[in-house]
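Engineer: Next up is a structure, given as structure tokens.
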Amino acid sequence: MELKWTIKFEADRDREFARWISHTVGGERIRHCLQCGLCSASCPLSLYMDYTPRRLMHLSREGFKEEVLSSASIWLCTACYACMVECPKKINITHLMYALKERAILEGFYPKRFPIPVMARQFCRMVRSSGRITESWLILQVFLRSAIWRLLGMSNLGWRLFRAGRMTMKREKIQRQHEIVTLLDSVAETRKELAL
Amino acid sequence: MPETRNSGNGSNGNGIRVGVYVCHCGTNIAGTIDVKAVSEYAAGVPGVVVSRDYKYMCSDPGQALIQQDVREYDLNRVVVASCSPLLHEPTFRRAIDRAGLNPFLLQMVNIREHDSWVHLDKQAATAKAKDLIRAAVRRVALHKPLQKRRVPINPNVLVVGGGIAGIHAALTLAEAGKHVYLVEREPTIGGHMAKFDKTFPTLDCAACILTPKMTTVGSHPRITLWTYSEVMKVSGYVGNYRVQVKRKPRYIIEDLCLGCQECITACVYKEGKTPDEFNLGLSKRKPVYLPFPQAVPQKVVIDPETCIEFKSRKCKKTCVEACGERQAIDFTQKETLEEIDVGAVVLATGFRSFDAARNAYYGYGRYRNVYTSLEVERLINAAGPTGGEIVLRDGKRPQAVGIVHCVGSRDANTNRWCSKVCCMYSLKLAHLIKERTGAEVYNFYIDMRTPGKGYEEFYDRLLDEGVHFVRGRVAEVSDWAARSSEEGKLIIRVEDTLAAFVRRIPVDMVVLSVGLEPQADAQAVRRMFNISCSSEGWFLERHPKLAPVSTFTEGVYIAGACQGPKDIPDSVAQAGAAAAEAMALIDSQFVELEPYTAFITEEECSGCKSCIPLCPYQAISFAEEKKRAAINEVLCKGCGTCVAACPSGSIHQNFFEDEEIFEEIEGVLAYA
Amino acid sequence: MRNRQLSPPPVPRGAFEPRIVAFFCNWCTYLAADLAGTSRMKYAPNVRVVRLMCSGRVDPQFVLDAFAQGADGVLIGGCHPGDCHYQEGNYKTLRRYHLLKRVLREMGIEEDRFRLEWISAAEADRLRIAVNDMVEKVRALGPLDLTPKAEEIQEEVTV
Amino acid sequence: MKYAYYPGCSLRGTGRAYEESLLAVFRSLEIEAQELDDWNCCGATTYLSVDELTSYALAARNLALAERERMDIIAPCAACYLVLNKTQRYIRDYPDIKTVVSRALTAIGLEYRDRVRVRHPLDVFLNDIGVKAIAAKVVKPLKGLKVAPYYGCQIVRPYATFDDQRNPTTMDRLLEACGATVIPYTLKTRCCGGSQKGTLPEVGLDLIRYLITEAQKNGADVIATVCPLCQFNLECFQKEASGQLRDAQFRRDPLSIPVLYFTQLMALALGAPGVTIGMERSLVPIEPVLAAKEIAYA
């Protein structure tokens, strides 16, 4: 068997990351976490997780960035809010998961052709270009960019949905598209200005 | 020897000679406030003759220092800047008294609780201290010598609540020769402890140690036991409380009932139909019943809600026949009000256990085999509904049992606090269940909290016995099976936080270790006795460390779980302490009341009468002949409401005269 | 994105520091302040506490005098309704408070400068919040300027 | 009272049946709802994970638009409902977010003053119309139809105040008013996997399988949903999910159960005259079930 060092040194801790997590929106109470694991136990996805939500909370407040951002768990979260509603310390776990995803995408912590970030990016593009989402197109684009082969598997379902009139090729679009563009740009501006 | 500073200006003309004493309180004050600078500053305030700072003013040398100065500089006013007056005002008053100065010529400045402990900015804190001292110096100049009033103390004591704490307090007081009124809401004393089977960690049986004490209470010549009764009204003040007690009708003449229980056997109901309160509804009782075999007093109760006689007035009254010439049954009994006078009160009203149904995910009330810990206590108890057999509702023995800790504890969604006793009683239940059923027993805990004599050892014993301990808060108890092997079981879903993965554990019986809560009517009781509650609703002690059984109302003491979650040893210890405090008060024979009463300068009174309705104690009367209001000093409690309201400014309050307060206001604001 | 709402911005040195006179009931708010101390809570150092046996003792003149003597704000702390140590003193306080508020408005003293808080002996945190909040509000209002009115009040008070 | 109807993108795609039936119910309950003028995508849960700030601005535009009309928003899609609610909260709680959003809105000549309520049809039907009124309007009671009420996540969790977060019952009461039998369904708020089916299929499938097997074990004829994504997941992947059954016990009954929007069932009971309620769009036909229960369906 191959043996690796599992020991951690203080130098391995990313203090900036630890500070960030407890200062980001939703992180107010992360230091209160008493590691009871109620989040993990109430999480419907935890059955797949490499690091349970409880461990993510602790690892992030201690600043073990690598472990946290490269964990599959943050991508498994479907934002069902079960953990947040149950948490005995009222920690906004779901929102922290969002924050971690955002950060992971920002720092490119995910496998190549990983569908979730691809999906997210396509989603944003579509919103900018037409103000609304046309699911059929979105799905199409996501698969084209992440896992073409799956399209084949899906084609049958796609066809049935198409026949049922649930897959339109017509793009949904709002009238005052320019408003969306202005809106998005304004946000970008303010963010720079206030360094958020 | 601390340095002395003689201020240049010294006495301020009108003969006022003030000494100012700034306490370091180790680093508690000196750590944040520049005490040297402060006392130097004080030395310069008009009227100040001497100003010193010292490590511990409350220490003997500290007090000696003051007394020496009083003589040496013949001071006639003293200002001590240290901790809260509620802590050491008496100390320093005594000190200057012994130096021949009237104790009320002292003014204390709170520069610890209100300053050094709550501020980080040293500059600001020091400035604040100076302001407060300057104000005190100006105020104290106007202080007048006052005398405390002495009022005799009624030697009787009221104990509210007949749980283990109330019982112990009552016995201790009675043994010491005091007469005790013990008032209990339920038909019997014994409280929660009477429901338990064994007690941790020694596993001695609760009844065996409790019932002897209960019977002694029942028969003690100096204890008046009023069960099925409630305190309705409290008036008066320390040493002289008047209390009104409501005695609910039990439809039995207590003096005549022998507790033979023949009426119960004779009742027209062959079987009990009403859920038995004492067994938490796990068994049924008749309309006429004795709460439990060892109940004290051994007097039956008739429940008018379910008794046919009360419904239809057409019952055969077989119970009356059975009672025969004793004629102890009286369907016409009415509730009565008793008035008693007592000098002190011990509140031991106990706790209520968390309503498990409030946590929907644990399925209490939805799944039949989810029990609360208290219910299981009754199941295990030999005198309980199953005669000590631990069986499920269908009579089967459980093969696997899960004990869920922290139900209604350490949870922002219900109660934030740790209920303190649950870990230990869960261990106890785990042991008893394992011992009697041989089932697989799982404990689901967040942290094991076993601080106490022999507690950790008991935990070790459980580990030896092969009980499972899974560290994690249970998310849900459900009957939903994800595998055929889970069919028909209750599945506990929890993260095994030490193994770091989620587990599903099928069991037959779930025990919810419910936490402790303040009584539902704690707020009402608190108001009645004029004491405070913590934000959680527990009765508030006067000082968390140094006055744990006293309250902010003189003569009212607290014991047991009404003050916070507590196990039996702690409750008993506290009950003893409360009893001792009450005795100390009573044996001092007199209370000294602060002289902060209001008085009227007749010539100034315009006789407008506006003050009279303001006084909650009817202390103000109107002297028709003089057309002037008059205040009865004995009735006045010194709130000062009338003073503030008097349009002609003819009412004054000792130690809180307008001029004194104006000086203080202007003092704090008049900084250089 | 920071969760700023939790941490009020620090005040620069030398900035205007409000002076607030507080009248605390001996049985509740004063004890709450003691508790805040024993539990080492931290709050703004701008308040000077005057201890009274009951908030009912607060004579409107005390408040006026405080403002006349240069206080930027006045805070009264009493027991919750129904909890008065002297049965109903705090109700009297409440009534006076409302009257006084009107008078102060007449004199052009802003609402936020005069405040009544019910704080029980157990509510140290409530006290901390109340004090900090009031100091912030008064700081925002700036120093109280009564020069036009000051003299007449002075008379009123010293009559 | 008049409402601003905010369909959201899904109701124009895979969730068309939801919109059709919802509008039908509006009509038969005489609820006045006009489509929110030029509404845009709320950003959904996806946007939050890439660019939180922006998502609030996007959602806020819709809030502002509705505010201008002085109407409550009705948001039938779970994701929209959640995002709109969340946006309101966060604007309240976080000054920074407030600044960003209000600046963005000003840039497009809008203003948000936190004066609008975001409502879900469940809430509106139960609290504004009421079970009694609805029961009175029922013409085709769903006699003997056993329904598993599936709420999913984002309606009641975490912000909804109109129902119990742990054991919601609004849909149960509405369907009972329509004459249906609501079966106990312990997983009524367990997540269906959301968009995971699209991104991490095996994960999605497991959750779907759990939900459906449980419903079938409890003898449900049909699952009622309140969310287009839940409906899509539960209906479209039954076959794949059956393939995944790992446990002999469950392999006996392969998964096959109609999954409808609760509004379709309501519309059916209210006998919405001469309009489509999207039944024909189901992949698992409902007709056989209805026929078996002798519930007439035109």
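Chains as they are written, first to last, in this note's numbering: chain H, 2 to 197; chain P, 2 to 673; chain V, 20 to 178; chain X, 2 to 299. Glycine included, C-beta positions come from ideal geometry on N, C-alpha and C. As the structure is a computational prediction, the values presented were derived from the model and not from experiment.
With a threshold of 8 Å, are at least 3 pairs of Cβ atoms found where one atom belongs to the segment 91-99 of chain V and the other to the segment 67-80 of chain V?
Structural biologist: With a cut-off of 8 Å, the segment 67-80 of chain V and the segment 91-99 of chain V count as touching, because enough Cβ pairs lie within range.
Engineer: Do P/V557 and P/V152 have their C-beta atoms within less than 7 Å of each other?
Structural biologist: no
Engineer: Among H/I117, H/G64, H/R30, H/I8, which one has its Cα closest to the Cα of P/A413?
Structural biologist: The candidate whose alpha carbon is nearest that of P/A413 is H/R30.
Engineer: Helix, strand or coil: which one does DSSP assign to P/S8?
Structural biologist: Confidence in P/S8 is poor, its pLDDT being 47 and thus under 50, which makes the residue's placement too unreliable to answer from.
Engineer: Counting only runs of 4+ residues fully inside the segment 23-91 of chain H, write out the alpha helix (DSSP H) ranges in chain order.
Structural biologist: 39-43, 54-63, 66-70, 74-77, 83-87
Engineer: Quick one: grab the DSSP three-state call for P/L517.
Structural biologist: Here P/L517 sits in strand by DSSP.
Engineer: Alpha carbons only, please: which of P/L670, P/V343, P/L463 is nearest the one belonging to P/G237?
Structural biologist: Comparing Cα positions, the closest option is P/V343.
Engineer: To the nearest angstrom, report how far apart P/R379 and X/M172 are at their CA atoms.
Structural biologist: 40 Å
Engineer: Cβ of V/G89 less than 7 Å from any chain P Cβ?
Structural biologist: yes
Engineer: Anything in the segment 95-124 of chain P with a Cβ closer than 8 Å to a Cβ of chain V? List those residues in chain order, please.
Structural biologist: N111, R113, E114, H115, D116, W118, V119, H120, L121, D122
Engineer: Using only alpha-carbon positions, find the residue among H/K174, H/M120, H/P54 that is nearest to H/S41.
Structural biologist: H/P54
Engineer: Would you say X/N234 lies against chain H (beta-carbon separation less than 7 Å)?
Structural biologist: no
Engineer: Would you be able to state if there are at least three C-beta pairs under 8 Å between the segment 98-115 of chain P and the segment 138-145 of chain P?
Structural biologist: They touch, by the three-pair rule.
Engineer: If we ignore side chains and look at the alpha-carbon of each, how far apart do P/V19 and P/C26 end up?
Structural biologist: Going from the Cα of P/V19 to the Cα of P/C26 covers about 22 Å.
Engineer: Relative to the C-alpha of H/V128, which residue among H/K5, H/H59, H/Q176, H/L77 is closest?
Structural biologist: H/Q176
Engineer: Which residues bound the beta strand (DSSP E) around V/C44?
Structural biologist: 39-44
Engineer: Give the residues from the segment 44-61 of chain X that approach chain H closer than 8 Å (Cβ to any Cβ), ordered along the chain.
Structural biologist: G44, A45, T46, T47, Y48, L49, S50, V51, D52, E53, L54, T55, A58, L59
Engineer: Would the beta-carbon of H/R164 fall within 7 Å of that of X/R282?
Structural biologist: no
Engineer: Sort P/E255, P/M233, P/R474, P/K317 by Cα distance to H/E87 and report the nearest one.
Structural biologist: P/R474
Engineer: Which residues mark the beginning and the end of the alpha helix (DSSP H) in which P/P62 is found?
Structural biologist: 61-73
Engineer: Quick test of the definition: if touching needs 3 or more C-beta pairs under 8 Å, does the segment 191-206 of chain P touch the segment 225-237 of chain P?
Structural biologist: By the C-beta criterion, the segment 191-206 of chain P is judged not to be in contact with the segment 225-237 of chain P, since fewer than 3 inter-stretch pairs fall below 8 Å.
Engineer: Which term fits H/F10, buried or exposed, when burial requires 16 or more other beta carbons within 10 angstroms of its beta carbon?
Structural biologist: exposed
Engineer: Here's the rule I'm using: 16 or more other beta-carbon atoms within 10 Å means buried, otherwise exposed. How should X/P255 be labelled?
Structural biologist: exposed
Engineer: For V/V129 and V/L146, I'd like the C-alpha separation in whole angstroms.
Structural biologist: Here the sequence assigns Glu to residue 129 of chain V, which means Val is not the residue at that position. C-alpha separation (whole angstroms): 21 Å.
Engineer: For P/Y363, does the three-state DSSP call read helix, strand or coil?
Structural biologist: P/Y363 sits in a helix when the DSSP states are folded into three classes.
Engineer: Within 10 Å of its beta-carbon, does X/D73 have 16 or more other beta-carbons around it, so buried, or fewer, so exposed?
Structural biologist: buried
Engineer: What's the gap between the Cα of P/N157 and the Cα of P/V302?
Structural biologist: C-alpha separation (whole angstroms): 29 Å.
Engineer: Step through the CB atoms of chain X and report whether any lies within less than 7 Å of the CB of P/A361.
Structural biologist: yes
Engineer: Please identify, using Cβ separations under 9 Å, the residues of the segment 433-444 of chain P that lie next to chain V, in order along the chain.
Structural biologist: none
Engineer: Counting contacts by CB-CB distance shorter than 7 Å, is H/A42 in contact with chain P?
Structural biologist: yes
Engineer: Are the C-beta atoms of H/A165 and some chain X residue less than 7 Å apart?
Structural biologist: At least one chain X Cβ lies under 7 Å of H/A165.
Engineer: Quick one: measure Cβ to Cβ for P/F657 and P/G641, integer angstroms, because I've assumed they're closer than 8 Å.
Structural biologist: 6 Å
Engineer: Would H/R161 count as contacting chain X if we go by Cβ distances under 7 Å?
Structural biologist: yes
Engineer: Going straight from the alpha carbon of V/S26 to that of X/P96, what length do you get?
Structural biologist: Any reading at V/S26 needs caution, since the residue's pLDDT is 40, under 50, leaving its predicted position unreliable; the model's value is listed next. Spanning the two alpha carbons is a distance of roughly 12 Å.
Engineer: Return the chain-ordered list of same chain residues with a C-beta closer than 7 Å to the C-beta of P/V235, the five sequence neighbours on each side being excluded.
Structural biologist: Y242, V244, M529, F530
Engineer: Taking the straight line between their C-alpha atoms, what separation do you get for H/A19 and P/L172?
Structural biologist: 58 Å
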